[in-house]
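Asker: Per the numbering used here, the sequence shown starts with residue 15, numbered consecutively.
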Amino acid sequence: MIVTCASTADVPAIANILSGWNATTPWLPRVHSRASEKGFAQMLVERGWTSVVRTEGQVLGFLSRDNRKIHALYVAPHARGVGVGKMLLDQAKVARDSLSLFTFQQNDGAQRFYMREGFYEAYRTDGSGNDEGLPDICYEWRRA
15 MIVTCASTAD
25 VPAIANILSG
35 WNATTPWLPR
45 VHSRASEKGF
55 AQMLVERGWT
65 SVVRTEGQVL
75 GFLSRDNRKI
85 HALYVAPHAR
95 GVGVGKMLLD
105 QAKVARDSLS
115 LFTFQQNDGA
125 QRFYMREGFY
135 EAYRTDGSGN
145 DEGLPDICYE
155 WRRA
């Protein structure tokens, strides 16, 4: 497995990972079409914000970051639990002295992952700042 910068050729795989997570998360309301998710993936890649983990040409996960703000971190279902998310976060930690991100309050797995990776809860919101309208948590990480 290697971490590389995403290219436009990776957009379909990134969109599939994102759409797959949205489709299989029962508590998440579906507020974006598949086409808009692909457009979102395209924008993340075009802005140069996105890194992917790949093996044998297959994209296993992606992280999109603008400076210190992580906008997205998703891993394909078959690649979860084998270090893909950690690889992506470790690369982001090398690039910045501090990072921030949001995750939904209902996403217990993500919360455990971020806490294990050294993030701490900065604050919670009522969800009025995200498209889904779901309460979320801002996590932050700072280099020791």
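All C-beta atoms in this analysis are idealised placements derived from N, C-alpha and C, irrespective of residue type, glycine included.
The model shown is predicted, which means the values in this text are computed figures rather than measured ones.
Within a Cβ cutoff of 7 Å, which residues of the same chain sit near Lys100, ignoring the five residues on either side of it in sequence?
Answerer: Cβ within range, chain order: Glu131.
Asker: What is the DSSP secondary structure of Thr117, counted as helix, strand or coil?
Answerer: If DSSP states are grouped into helix, strand and coil, Thr117 belongs with the strands.
Asker: Spell out the partners DSSP gives Val73 in its beta bridges.
Answerer: Per DSSP, Arg68.
Asker: Tell me which residue opens and which closes the beta strand (DSSP E) that Val17 is part of.
Answerer: Segment Ile16 to Cys19, the beta strand (DSSP E) holding Val17.
Asker: Give the C-beta separation of Leu18 and Arg79 to the nearest angstrom, bearing in mind that I take them to be a contact with Cβ-Cβ under 8 Å.
Answerer: Checking the sequence, you will find Thr at residue 18 rather than Leu. With 8 Å as the limit, Thr18 and Arg79 do not qualify as a contact, their Cβ atoms being about 14 Å apart.
Asker: Could you tell me how far apart the beta carbons of Ala27 and Val73 are, in whole angstroms, since I believe they sit closer than 8 Å?
Answerer: With a Cβ gap of about 4 Å, Ala27 and Val73 count as contacting.
Asker: Looking at the structure shown, is Glu51 part of a helix, part of a strand, or coil, going by DSSP?
Answerer: Helix, per DSSP.
Asker: Which partner residues does Glu135 have in the DSSP bridge list?
Answerer: Tyr153, per the DSSP bridge assignment.
Asker: Excluding the five sequence neighbours on either side, which residues of its own chain have a C-beta within less than 7 Å of the C-beta of Arg124, listed in chain order?
Answerer: Looking at the sequence provided, one finds Ala at residue 124 rather than Arg. Cβ within range, chain order: Thr117.
Asker: Could you compute how far the alpha carbon of Pro91 sits from the alpha carbon of Glu146?
Answerer: Pro91 and Glu146: Cα-Cα distance of roughly 22 Å.
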